[in-house]
Structure formats: structure tokens, C-alpha cells
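Protein chains in written order, with our numbering: chain A, 276 to 410; chain B, 276 to 410; chain C, 276 to 410; chain D, 276 to 410; chain E, 276 to 410; chain F, 276 to 410. Report on the structure given below.
What follows is the structure, given as C-alpha cells:
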């Protein structure tokens, strides 16, 4: 009788979409204004979903205060008010599209949350563009 | 060719998280400010998801006006502007965490909706903390 | 390692719920004020979910700018600021309930998006009434 | 020591923007797709602001339950699930732009609310287009 | 050339509307389900508006981090996860309607913010019921 | 009998808060993580309010399609997916705080909108931090 619990957090970051193996024209054609070499940025909304059995003693699947603290320690401290390309080592060789950001965040939290819990991440880059992993 | 239909409703309630088998220090340590003996409260948002085949004569899976009426009669009349711990018998011996509230609401509505429909409930305790059952 | 990507779009339309095989009393009884012969309308919110593998060269599952253009060309151009019953041929003999609208939109986009991508559509008729297909 | 109290309500309606003194080309040029002769529609959000002194016996400026009932009786019953041009007499000779709708609603409620209260109406036609009267 | 800056914060609290000079029947008639003797509760949203001249050295009217800290120290620490009637001395003899809560919060912050700044508070009790002071 | 009309638009930009006359320690102390030399970014929401008399022929104060086009041409084309400090000349010597951004946008639009209309701008840097000019 599993229940899913969700915690929403926020971070604000700069990034640039770019493939270093392509020339400027191809980067411009594919990534458009997201390829601006001077960067642009977003208010990212992050929703973390953890699934498991509620603990009979607490009624909690996963204490959302602890989940919030975990997200802050593992993700926000490293992503918030940062340049994703320059300040976050995972994107040194990885294009920080929403798809890649959500996978990086998933993998960070997957390592920090016990295996008995299922985990899914949703990341809003804007109100109209968002991604989910695993699908 | 099944379609999911959703109805969102609201209720405002007081509650307290507490395990009567623990002493005050342990309750404080686990539940923090949610353990305030004088209660606190929330605007709960409730999303009910019903899945089935649309009726060819109406184009409806489940008339959302009837679903809204059902939620009002079975849930809101008993939960809205109430103290969940004191006024709702299901929580007499059950800690009213979001996880337990969503399961209680699910079971109430499951009894009232024909078995041929799948049912899932999402409950927002705050904009940032929410739960879903079954996961 | 599939990722889901989502794009939200909007359209504003008039419609009427009506079954021509029923008399006025039965239409009134089933559809209530939605049966108004002079029409009423909604701001529809449309969320399109596409699931696939990110392309290693771009980091995109499906370029959301292209997905937005596709939705505009195939759906919004035909539905926005229209009377669904009168202006959209798919509803000539099909009651434009949210359930039927979401299936029509799904089928239009399914034909336009490569089979290797999974597709799901969510349609909000109001903030409190919405549908999803396939469920 | 005046306080403003606000109540938000919703209605769904069809309309068409049209000036009968103009030919079709000019109507098309000015009103674009809003001139569709088959109508289109919106989910209107209505925010009613009433300003006055709180009553010391109740702590209320204006009981928001009574304000909600008043809006339902005077406005929603006449506007919700209607065609504004055809079903609401005030728009028989008045183009139902958001600006004109908000003034009509203001005048209806102004007659029903005691003069000692100030009144202001905000009307959202979409999330991105809205109006306020008096300014 | 004054600019207004706004900070939004949240608190969750229980309360009861009640006039001790009235009998139960009159309290029930006026306050309805808000008079529940076992309390109910809300997620309150608080928006604080400060108006002044931007400081040329910083470009800030009032550092929103400092404003957030001030609201937390002066208001949230005393109101969040509390019973307004029982835990907050200002409501010992004052009915905690939204109108009275917003005036109490205003007066607390007015004492803590330099006079050269104008101050206005908006308090959302629900998404549909909210108040503003001074009007 | 003036009416206010509002149009909401969006842009995504990178920026850095910094006073070049201060040393690194003072910049860090005042601007904290907003001083990151590698930039960070936001999804800015921009609400433009224009007040005037509705034109009797159209029922419009200011055609919101034209207002949207004006905002796109004069503001979004220059601010969206840009680095405000590096790409927008107005911030070459002006710290891009929300207060300064809203004044720059106001002055750009004030030059482009006839004097008979009043103008006010609201700018959301995040959902919780926003500014308005003139106040």
C-alpha cells in the first residue's frame, strides 16, 4: 500500500546550451537564443517524488522536512545562484538542457536515498517547458 | 481507450501530528512544530482522478458535476472547517499526516465509486508538500 | 533511460454539450448549463508530454520549440478562438466534452510525432476540471 | 483605519468582439480572431474589492460569504455559461470587451453594495490579459 | 522616484471566529462553520509591500533578504504552526478574522521598519478570500 | 471613467549584482550569492498596466495585442535570453536589481506610449520577490 510524497524546491541559475563539436552557425541553428555566449537564466522549480510504505509509528513515508534538507544540501547548495556550465562540475562536458539537468539531479539524490524508495524528479525550466525522469 | 478525468476541491482544517505512545520529547523531535498541542491548520487541495471509458451517449467518463457532489457529500462535509484529530472519527487512533489523510479519503471514495473505474487521490497540504495514493 | 518532456499551450474556444438523439429535457438534465444553445466557452490549457531518449548531440528528447510550433500548426490554428462544434470538423458528430477533445488532440498529434516517442495529453477545461489521455 | 477585502469568483462565457457600424474587413482588421462570427470563449476570473471599516462586533468589513452570495446572485447567475452578446441584455448594444464587461459588473454590484463601501473590480480574461475598474 | 518592493511569505495556523459576548446561536449564525469550537486552519500567504527610494549604492529600496528575515523574526516565529486564538497574545481579546490579522501584522512590522518607508500588507486566507491594509 | 488594462509577458535572463566601487568582501556581504561572478538567472514576469478611457468605437483602452507587440519589440527583444549586465546597454553602469530593471523598462515603454495613458510596471524576479514602479 505505497504512497508517493512530493517536495517542491526552487533554484535560480544561469546556463548556456552549446555543443563544442559544432561551429557557431550550427549551434545558433539548433539552440537559437539559448546559445547566447553571455548566458541567460531561469527560476528552476524542482519536484522530488519519493514512493514507499508509510512508517506506522510516524505516518510518514519520508519526513518532508528531511527530504527538503537533503535537497538543499545535495542540490540547491551546488546549483542555486550558480552558472550551471561553469560552477557545477557535472556539466563540464554535458550540455545543461533540462533533460540533462533532471538526470543529474536524479542521480545525485538516488545515491542519497535508500533503495527501498522509488524516486522521480520533475524539473520546470519555465512554466511552459518541463521534464520528468525517469519517465 | 481509457481517459482519466480529474476534479479539484478544497478544504480547510486544523490538525496535530502526535504519537501517543511517545513522550513529549520524542514527539517534539520527530514532528517539530507540527506537534503543537494547540493545533495548527492548512488549506488542503484535493485532486480526485477517475479513469474509465467515455460513455458514447454523453462523452463523459464520469460527470464531473456528480464527482464534485460526491466529494462534497462524502469528504468535504466531514473534513472542511474541522479539527481532523477531534472531529473526524477515522483519525481517532490514526496520526493525520498527509499520507494517512490521503489514504482515508481514498478509501471513502473507493467505496462510493463503481469498481470499473480506477481511482487515485492527490492531496496538497501546502503548495510545496503533497502526497498521492495509490502511488 | 527515457525522459519525459512537456510543453504547455493555451487556446480559447466556445462549445456546447449536446446529444442530438435526445430531446431538450434530457439534454438539460444531463448537461445542465453546458447545454446552453447560445454556447459558452473556456480558456483551455493543453499539456503535451513526449517521452524518449535524449539525443546525445543536443541533450534534447524533442526540441520544445519544435513541439510548440507543431502544436500551434496542428492544433491551435484550428481550435483557438473557434467554436468547437461549428468550426472544427472532428466535432461535427462528436460531443466536445473534455474527454473527446483530448482524444481528438491526441490523435492529431500522434500522426505528427514519430512512433518512437510516447505521447500523452492533459487538457484543463477549468482549473478544477481536467482530463488526460491515454490514462 | 480602512481595510480592503477581496473575493475571487469565476465564470465561463462565450463572446464575440464586433462593431456593427463597421464592415467585415474593418472588424477583422481591428478585432482579428476575436471577431469570429461563431463565437469563442473564456474562463473569466472576477476579483471584487470592497473597502470599509471593520465592524468591531464581527471583525468583518463585509462578510465574504455574503459577498460571494451577492456576486453569484447578481453576476454569475446571469453571466456564467452564457453567450455575453446574446444572453446578457447589457451587451445588446455594447461590445463585450474586457473593459466593457468590468464596467457592467461594477455598475451591477455598485447598486447592490452600500455607498459607505468603496468598490473596485478586476477581471481576468486570460492569465495574461486583465482589466480593473475604476482604475 | 519611489519604487515598491514586495516579499511573499507563508504561515500555517489554526483559528476560530467567535464573539464571546454572543450566545452560541448568534455565533453560529454569523460565523457559520468558522465558529467550530475545535478550530480549523489555513495556509496563510502574506505579502509585505515597502515603498521608498532605491539606495544609489545598492540599487535596493530595502534588501528583500533582510525584509524576509524581519518577517520571519517578528511574524512567522510567532504565528506559524500556532493557534492564533490561544498562542498569539494579540488575539486574546480580538477575533482573528483576516481583517484583524492583517492589522496586527501591519502594526508589528510598522514598528520595525523605518518611518521613511511606506508599508502595506496583503494577507490571503484562501486563494479566493484575501485582505489588504491599509486600503 | 478610466479603466486599467494589463498585459503580462515573460523573459529569461542572466545577471549579477555588483558595485564596482566596493571590494569583493563588501560586495559579498551586501549581495551574497547574487554577486556570483559567473552570473545566475531568473524567469522574469513583467506586468504592464496602462490606464485610460475606453475608445467608444472599439471598447478598448489600448489594444492588448498591440501592447504585447510593443513590449516584445521594445523590451523582450533586448532582454530575453540575455545577460542584463553585458548585453543591455542601460545596465553598463547600473546595477541590475529588480528596482533598477523595472525603472529601465518603465522609461523605455513611457517613451513609446502616448502621454494620455498612465503607465505602471510590475516585475517579478521570483514568485516571492517583486517590484512596482512608479509606486
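Built from N, CA and C at the ideal position, the CB exists for glycine as well. Because the structure is a prediction, the values reported are computed rather than measured.
(message) Measuring CB atoms only, is the region 398–408 of chain E touching the region 319–337 of chain E, in the sense that at least three cross pairs come out at less than 8 Å?
(response) yes
(request) Just the C-alpha distance for residue 351 of chain B and residue 286 of chain B, rounded to the nearest angstrom, thanks. (result) As a first step, residue 351 of chain B must be located in the second chain, where it is residue number 76. As a first step, residue 286 of chain B must be located in the second chain, where it is residue number 11. Their Cα atoms are separated by approximately 6 Å.
(request) State the beta-bridge partners of residue 396 of chain A as determined by DSSP. (result) For the purposes of this step, residue 396 of chain A is identified with residue 121 of the first chain, where counting begins at 1. The partner list for residue 396 of chain A (beta bridge, DSSP) reads A/323, A/408.
(request) Report the three-state DSSP secondary structure of residue 377 of chain D (helix, strand or coil). (result) Translated into positions along the fourth chain, residue 377 of chain D becomes position 102. It is helical.
(request) Take residue 378 of chain B as the anchor and find which of B/317, B/367, B/314, B/397 has the nearest alpha-carbon. (result) Within the second chain, the letter at position 103 stands for residue 378 of chain B. The option with the nearest alpha carbon to residue 378 of chain B is B/397.
(request) Please name the residue, chosen from B/318, B/330, B/302, that lies closest to residue 451 of chain B on a Cα-to-Cα basis. (result) There is no way to answer for residue 451 of chain B, as the model of chain B reaches only from 276 to 410.
(request) Would you list, in chain order, the members of the region 304–330 of chain A that have their beta-carbon closer than 7 Å to a beta-carbon of chain B? (result) 326, 329
(message) I need the straight-line Cα distance from residue 369 of chain A to residue 294 of chain A, nearest angstrom please.
(response) Translated into the one-based positions of the first chain, residue 369 of chain A becomes position 94. Translated into the one-based positions of the first chain, residue 294 of chain A becomes position 19. Going from the Cα of residue 369 of chain A to the Cα of residue 294 of chain A covers about 9 Å.
(message) For chain A, check one thing: does any of its Cβ atoms lie closer than 7 Å to the Cβ of residue 339 of chain C?
(response) Reading the third chain from its first residue, position 64 is the one you call residue 339 of chain C. It does; some Cβ of chain A falls within 7 Å.
(message) I'd like to know whether the C-beta atoms of residue 326 of chain A and residue 367 of chain A end up nearer to each other than 7 Å.
(response) Within the first chain, residue 326 of chain A is the residue found at index 51, counting from 1. Within the first chain, residue 367 of chain A is the residue found at index 92, counting from 1. No. Outside cutoff.
(request) Say whether the region 380–397 of chain A touches the region 294–307 of chain B, bearing in mind that this needs 3 or more beta-carbon pairs closer than 8 Å, one atom from each stretch. (result) no
(message) Between B/360, B/354, B/391, which has its C-alpha nearest residue 308 of chain E's C-alpha?
(response) As a first step, residue 308 of chain E must be located in the fifth chain, where it is residue number 33. Cα-wise, what sits closest to residue 308 of chain E is B/354.
(request) Taking only the alpha-carbon atoms, compute the straight-line gap between residue 394 of chain F and residue 284 of chain D and give it to the nearest angstrom. (result) Numbered from 1 along the sixth chain, position 119 holds the residue referred to as residue 394 of chain F. Numbered from 1 along the fourth chain, position 9 holds the residue referred to as residue 284 of chain D. Rounded to the nearest angstrom, the two C-alpha atoms are 27 Å apart.
(request) Label residue 282 of chain B either buried or exposed according to how many other C-beta atoms from any shown protein chain fall within 10 Å of its C-beta, with 16 as the threshold for buried. (result) As a working mapping, residue 282 of chain B is identified with position 7 in the second chain. Buried, because 16 or more other Cβ atoms sit within 10 Å of the Cβ of residue 282 of chain B.
(request) Using the DSSP secondary-structure output, state which residues sit across from residue 282 of chain C in a beta bridge. (result) For the purposes of this step, residue 282 of chain C is taken as the residue at position 7 of the third chain. Its beta-bridge partners are A/404, C/323.
(message) Suppose contacts are defined by Cβ-Cβ distances below 7 Å. Is residue 290 of chain B in contact with residue 375 of chain B by that definition?
(response) Working through the second chain from its first residue, we reach residue 290 of chain B at position 15. Working through the second chain from its first residue, we reach residue 375 of chain B at position 100. No, they are not a contact pair.
(message) For chain G, check one thing: does any of its Cβ atoms lie closer than 7 Å to the Cβ of residue 358 of chain C?
(response) As a matter of chain content, chain G is missing from the structure shown, whose protein chains are A, B, C, D, E and F.
(request) Under 8 Å between beta-carbons, which chain B residues line up against residue 409 of chain C? List them in chain order, please. (result) Looking up residue 409 of chain C in the third chain gives position 134. Within 8 Å Cβ-Cβ: 276, 277, 278.
(message) Please report the distance separating the alpha-carbon of residue 391 of chain C from that of residue 342 of chain E.
(response) Here residue 391 of chain C corresponds to residue number 116 of the third chain, with the count starting at 1. Here residue 342 of chain E corresponds to residue number 67 of the fifth chain, with the count starting at 1. Their backbone Cα atoms lie some 51 Å apart in a straight line.
(request) Give a yes or no on whether the C-beta atoms belonging to residue 401 of chain A and residue 334 of chain C are separated by under 7 Å. (result) By one-based count along the first chain, residue 401 of chain A stands at place 126. By one-based count along the third chain, residue 334 of chain C stands at place 59. Cβ distance not < 7 Å, so residue 401 of chain A and residue 334 of chain C don't count as in contact.
(request) Check whether the Cβ atoms of residue 316 of chain C and residue 317 of chain D lie closer than 7 Å to each other. (result) The count along the third chain starts at 1 and reaches residue 316 of chain C at position 41. The count along the fourth chain starts at 1 and reaches residue 317 of chain D at position 42. Going by C-beta atoms, residue 316 of chain C is nearer than 7 Å to residue 317 of chain D.
(request) Report, in whole angstroms, the separation of the C-beta atoms of residue 299 of chain E and residue 358 of chain E, which I expect to be a contact under 8 Å. (result) By one-based count along the fifth chain, residue 299 of chain E stands at place 24. By one-based count along the fifth chain, residue 358 of chain E stands at place 83. In fact, because the Cβ distance is near 20 Å, the residues do not count as touching under 8 Å.
(request) Measure from the alpha carbon of residue 311 of chain C to the alpha carbon of each residue in D/362, D/386, D/387, then state which is nearest. (result) Here residue 311 of chain C refers to the residue found at position 36 of the third chain. It is D/362.
(request) For residue 382 of chain E, return the contacting residues in chain B, with the cut-off set at a CB-CB distance below 9 Å. (result) As a position in the fifth chain, residue 382 of chain E is number 107, starting the count at 1. Residues of chain B passing the Cβ test: none, with the nearest at roughly 23 Å.
(message) If I measure Cβ to Cβ from residue 306 of chain F and keep anything under 6 Å in the same chain, skipping five residues before and after, which residues do I get?
(response) The residue labelled residue 306 of chain F in the question sits at position 31 within the sixth chain. Closer than 6 Å at the Cβ level, and outside the excluded window around residue 306 of chain F, lie 292.
(request) Please report how far the alpha carbon of residue 348 of chain B lies from the alpha carbon of residue 302 of chain E, in whole angstroms. (result) Locating residue 348 of chain B in the second chain gives position 73, where the first residue counts as 1. Locating residue 302 of chain E in the fifth chain gives position 27, where the first residue counts as 1. Their backbone Cα atoms lie some 24 Å apart in a straight line.
(message) Measuring only the C-alpha atoms, how far is residue 328 of chain C from residue 337 of chain C?
(response) Stepping through the third chain from its first residue, residue 328 of chain C is reached at position 53. Stepping through the third chain from its first residue, residue 337 of chain C is reached at position 62. Their Cα atoms are separated by approximately 9 Å.
(message) Against chain A, with Cβ distances strictly below 7 Å, would residue 399 of chain C count as a contact?
(response) Residue 399 of chain C sits at position 124 when you count from the first residue of the third chain. No, residue 399 of chain C does not count as interfacial toward chain A.
(message) residue 339 of chain E and residue 387 of chain E - do their beta-carbons sit closer together than 7 Å?
(response) Within the fifth chain, the letter at position 112 stands for residue 387 of chain E. Within the fifth chain, the letter at position 64 stands for residue 339 of chain E. Going by C-beta atoms, residue 387 of chain E is not nearer than 7 Å to residue 339 of chain E.
(message) Tell me which residues share the same chain as residue 314 of chain B and place their Cβ nearer than 6 Å to its Cβ, disregarding the 5 neighbours each side in the sequence.
(response) Within the second chain, residue 314 of chain B is the residue found at index 39, counting from 1. Closer than 6 Å at the Cβ level, and outside the excluded window around residue 314 of chain B, lie 289, 291.
(request) Would you mind telling me which residues of chain B sit closer than 8 Å to residue 367 of chain E, beta carbon to beta carbon, in chain order? (result) Residue mapping note: residue 367 of chain E aligns to position 92 of the fifth chain, counting from 1. The contacting residues do not exist; residue 367 of chain E stays about 13 Å from chain B at best.
(request) Kindly list, in the order they appear in chain E, the residues whose Cβ is closer than 8 Å to that of residue 345 of chain B. (result) Here the question's residue 345 of chain B lines up with position 70 in the second chain. None at all; the shortest Cβ gap to chain E is about 20 Å.
(request) List the residues of chain A whose Cβ lies closer than 8 Å to the Cβ of residue 372 of chain B, in chain order. (result) On the second chain, residue 372 of chain B is found 97 positions in, with the first residue counted as 1. Under the 8 Å cutoff, chain A gives 329, 333, 334, 335.
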